[in-house]
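Okay, structure first, notes after.
Number of protein chains: 2
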Amino acid sequence: MKPLTFNPGPSQLSSDTEDDIRLAVEQGIPSISHRSDAYRQIGFDTLARLRTFFGIPEHYSLFFTSSATEAMELVIRNNVTQTSCHFTNGRFSELFAEISESYGHTATKIAAPWGKMPSFDPALIPRDCELVTVTYNETSTGAMCRDADIARIRQATPDAVLAVDITSIAGMKALRIADADLWLFSVQKGFGLPAGLGVLIVSSRALERAKAVERTDNHRMGMYTFSAMDALARKGGQTIATPNVLGILLLGRQLARWNAAGGIAAKEEETRAKAKRVSACIERSAVFRHFIAVPEHRSISVACIESDAGWIAAMHRRAAAENIVLGKGYGKLKETTLRLGLFPAIGMEDVERLVHLINGCA
Amino acid sequence: MKPLTFNPGPSQLSSDTEDDIRLAVEQGIPSISHRSDAYRQIGFDTLARLRTFFGIPEHYSLFFTSSATEAMELVIRNNVTQTSCHFTNGRFSELFAEISESYGHTATKIAAPWGKMPSFDPALIPRDCELVTVTYNETSTGAMCRDADIARIRQATPDAVLAVDITSIAGMKALRIADADLWLFSVQKGFGLPAGLGVLIVSSRALERAKAVERTDNHRMGMYTFSAMDALARKGGQTIATPNVLGILLLGRQLARWNAAGGIAAKEEETRAKAKRVSACIERSAVFRHFIAVPEHRSISVACIESDAGWIAAMHRRAAAENIVLGKGYGKLKETTLRLGLFPAIGMEDVERLVHLINGCA
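Residue numbers (this note's numbering), protein chains in the order written: chain A, 210 to 571; chain B, 210 to 571.
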C-alpha cells in the first residue's frame, strides 16, 4: 500500500493522474513521434488549456522546460547581461539570485530572514537592474507574498523585466499574469505529476528583451534563445530537445479536468479551505506553531510548522506508523520544522488524517 | 490497439517497461521525495547498472540530464572556451557544431554529405581545438562510425577532449568507453523509455578541464558545472533540478534485466541479427535501396532506406493499414527515405512484419 504524502514536491499523484498514466501506456503515447500530428495536437491542447486556466493574455508565449530550475536559468540567460535584483527569504528565492551570480552578474538581494517576508519596497531596487525576481510561495519556509506586492513592484520598475517563481503555488491560486513578464513552475508540486516538466510563461516584452540580448555578443543562451523556443512552441509545443511527451499529455489532461470544474478559482477555494483547517488545528496545538508568524504571510499551499526536534521526530514516526509521509523541513530547518503540501491531490479527508495526527501530539 | 512503431525515437516501449510504469504507479514512485533514502537507492542502483552495462571505468562520472541535447549543451559549456571541431554527416552531428557556434565559439566542421562518412583523418583537426565531437550513429541518415575511428582520433589528439554522441546506438553496441572522454545519449531511443531523460558519461580528464574552465571568467555553465553535477550525482543520482525519478527508475529496471541477460554483448548480437535480416531484404528489393551506400558504414540500429517519393508514400500507407508506423526520413530526406529503428523493444517477429511489408512493394 503506497503512502499518503504531504511532501511539498514531488507530491501525491491524484488517482485521476494514475489513471491517465495507465491509459497513456495502453495507447502507446510515450512511443508517438514528437513530430507527428498526434503529438502536435497534444501540445496545442495543453498550451491552450494552460492559457485558459491561468488567464494568460494573448501576447504571452508559453514554453515547456524540463524543470522550474531550468526555467529560472533560461530567464537569467535570456534577460540579464549584467544586473539583477532578487527578493529573498528562503532557499528557492536565494537560488534565483545564485543562478544570476553563477553567470557572473551583479545580483542584488533584498533579503529577509527565513520565515519573514522581504520588504517589497521598490525604492530598494537598484535603478539600472535588468531583472527583478519574486518567489511567490517560498517552498522552503511556507511564506507567500501578495498580489499587491507584485503589482507595486511592477508599477515602480517599468524598465526592469519582472519574473515570478510560482513553483509551489501554481494550480492553487488565481494570479494576475499581466502584472509580471515571466512566470515559471514545475509540475511535480500542485499539478501532482511526475517530475521532469516545467512551464515558462513569457511576455512579449521579455521576448523582445531576449532578442536584444541575443543581438549583443553575450552568447550565454546558446541554442536556448527565447526566440527559438517561441518559434518551436508555436508549432504545437515543440522544444529544443525532444519534448517530454508523456508529461505534456498528463498536464493537459489534468488541466482539462480542472478547467471543466471551476478552473483556478475553484482550486483556490479548495486550497484555502484545507489551509484554514490545518491552520486552526495548529493554533490550538500546545506543541506546534506556525513557522510563519504573520498570518497574512502564510502560504495556503505549503504549511510550515515548527516545534522542538523531539516533537518533529515524533510526528514523522507517528505519521510513518499510519503510512503517511510528512515533508521534512528544508536544509537548516530540517530538525525543527515540518512542511505540509496541501496540493490538489490531497483531499479534505486526507487533511482530516493530518489534523488527527497533529491533535495526537498534546 | 496501439501501433507497432519503427520510429527511431521516441521509440516502441517494451511490454516490460509498460509493466514497470504500471508497477511504479501502484508503488507511488513518482510521489517519493528525491531527498529520501528510497530515491537515493534508485539513483545508486541505476548508476551502478549503467557502469556494469557499458563497462565504464571507475574514474568516469555519470550524470543524469533531461535530454541528449542538454547533455551536448553541457559539454560545450563545460569544456569549450574558444574552439571545437566536429565530424559531421547529418542533422545531429551538425547540431553539436551549431551548439558550439551558438556560444560564440569557432567550430570547425569536418563534413561529409548526408549519407557518407566524414574522413576521420586526425590531420584535419585544428591543432589548438579544445573539444572534438563524433556522432557514433547519425540518426538522421543511418550512418554509423567504427570504434577504430574513435580510437584513431583519440590517439592523434591527446590534448583535446573527445565527446561521442551515442544517442541512437546506446544499448545496442559494445563501446570502448576509455577511448573517449564524454559519451551521451537519451533514453527514448534504444532504451525504449519515455522521453525526458539523458545520460552523460564524463572522464576525470573532462571533469578537470571543466574545473579549469570554471576558474576562468567564462561563466557559461552557470549552475550546471560538471563539478557541481558530480558532487550531486555521487549522493545517489541527485541533479541540479529535481531528478526525473520515474525515468531513472525505469532506466534502472531496464538495465537490471539487460545485465542479467548477457549485457551489452547480447544486445549487440540481437541488434546485428535484426539489421542483417532487414539488410538482406533491402538488397533483394527492386524498389528500395540502402541510403548508406557503403555496407560497413551502415548503422545496425537505424536502417535508412531510399526510393522515389511515390514508393515511400506507398510504404507509409501500407504500413498504416497494418497499424505499423515507419520512421519518416529526416528533414530534406523526408520524401525519399524511410528510417527504421531496430531497437531492443522490436523483436525478430516485428522485423518479419517489416520485411513482409518491404517485400510487398515489388
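For glycine and all other residues, C-beta sits at the position ideal for the given N, C-alpha and C. Quick caveat, the model's predicted, so the values are computed rather than measured.
query                                                                                                                                                                                          : result
Contact criterion: CB-CB distance below 8 Å. Does residue 494 of chain B meet it with respect to chain A?                                                                                      : no
At a CB distance below 9 Å, what residues from the stretch 395-409 of chain B approach chain A? Give them in sequence order.                                                                   : 395, 397, 401, 402, 403, 404, 405, 406 and 407
Quick check on residue 497 of chain B: does DSSP put it in helix, strand or coil?                                                                                                              : coil
Does the pairing of the stretch 284-291 of chain B with the stretch 258-266 of chain B give three or more beta-carbon distances under 8 Å?                                                     : no
Under 7 Å: does the beta carbon of residue 383 of chain B sit that close to some heavy atom of the ligand PLP?                                                                                 : Only the bare structure without any ligand can be found here, which leaves the ligand PLP out of the picture.
Tell me which same chain residues have a C-beta within less than 7 Å of the C-beta of residue 338 of chain A, skipping the five on either side of it?                                          : 292, 293, 294, 317 and 369
Pick out whichever of B:237, B:426 and B:228 has its Cα sitting closest to the Cα of residue 235 of chain A.                                                                                   : B:228
At a CB-CB cut-off below 8 Å, which residues of chain A make contact with residue 211 of chain B?                                                                                              : 235, 236, 237 and 240
Does the CB of residue 449 of chain B have a neighbour CB from chain A at under 8 Å?                                                                                                           : yes
At a cut of 8 Å, does the stretch 232-250 of chain B reach the stretch 446-455 of chain B through at least three beta carbon pairs?                                                            : yes
Counting pairs of Cβ atoms below 8 Å between the stretch 337-353 of chain A and the stretch 497-509 of chain A, do you hit three or more?                                                      : yes
Cβ atoms of residue 480 of chain A and residue 557 of chain A: under 8 Å apart, would you say?                                                                                                 : no
Select from the stretch 253-281 of chain B all residues with a C-beta closer than 8 Å to any C-beta belonging to chain A, and list them in chain order.                                        : 275, 276, 277, 278 and 279
Counting only Cβ-Cβ distances shorter than 7 Å, please list the residues of the stretch 448-477 of chain A near chain B, keeping chain order.                                                  : 449, 450, 451, 452, 453, 454, 455 and 456
Using 8 Å as the limit for Cβ to Cβ distance, is residue 243 of chain B near chain A?                                                                                                          : yes
List, in order along the chain, the chain B residues whose C-beta lies closer than 9 Å to that of residue 426 of chain A?                                                                      : 313
Going by DSSP in three states, residue 372 of chain B sits in which element: helix, strand or coil?                                                                                            : strand
Rounded to a whole number of angstroms, what is the C-alpha to C-alpha distance between residue 485 of chain A and residue 553 of chain A?                                                     : 15 Å
Taking just the CA atoms, how far does residue 260 of chain A sit from residue 274 of chain B?                                                                                                 : 29 Å
Determine, using beta carbons only, whether residue 527 of chain B comes closer than 8 Å to chain A.                                                                                           : no
May I ask you to list the residues that DSSP assigns as paired with residue 407 of chain A?                                                                                                    : A:274 and A:395
Just to make sure I have the definition right: I need the residues of chain A whose C-beta is within less than 8 Å of the C-beta of residue 220 of chain B. Which are they?                    : 240
Is the CB of residue 538 of chain B under 8 Å away from at least one CB in chain A?                                                                                                            : no
Classify residue 367 of chain B as buried or exposed, calling it buried when 16 or more other Cβ atoms lie within 10 Å of its own Cβ.                                                          : exposed
Check this for me: beta carbons of residue 312 of chain B and residue 428 of chain A, under 8 Å apart or not?                                                                                  : yes
Would you check if the stretch 395-408 of chain A and the stretch 214-223 of chain A touch, i.e. whether three or more CB-CB distances between them fall below 8 Å?                            : yes
Rank A:322, A:531 and A:310 by C-alpha distance to the C-alpha of residue 299 of chain A and give the top, closest one.                                                                        : A:322
Taking beta-carbon pairs under 7 Å, can you tell me which members of the stretch 416-440 of chain A lie near chain B?                                                                          : 426, 428, 429, 431 and 432
Residues of chain A with CB under 7 Å from residue 355 of chain B, in chain order?                                                                                                             : None at all; the shortest Cβ gap to chain A is about 27 Å.
With a 10 Å radius around its C-beta and 16 neighbouring C-beta atoms as the bar for buried, classify residue 346 of chain A as buried or exposed.                                             : buried
Would you give the residue range spanned by the beta strand (DSSP E) that residue 344 of chain B belongs to?                                                                                   : 340-344
Who pairs with residue 550 of chain B in a beta bridge, going by DSSP?                                                                                                                         : B:511
Could you tell me the alpha carbon to alpha carbon distance between residue 535 of chain B and residue 551 of chain B, rounded to whole angstroms?                                             : 11 Å
Can you tell me whether residue 263 of chain A is helix, strand or coil according to DSSP?                                                                                                     : helix
Taking all protein chains shown into account, do 16 or more other C-beta atoms lie within 10 angstroms of the C-beta of residue 576 of chain A, making it buried, or fewer, making it exposed? : Chain A is shown only over 210 to 571; residue 576 of chain A falls outside these bounds and no answer can be derived.
Where do the N-terminal and C-terminal ends of the alpha helix (DSSP H) with residue 319 of chain B fall, by residue?                                                                          : Per DSSP, residue 319 of chain B belongs to no alpha helix (DSSP H); it is in the beta strand (DSSP E), 315-320.
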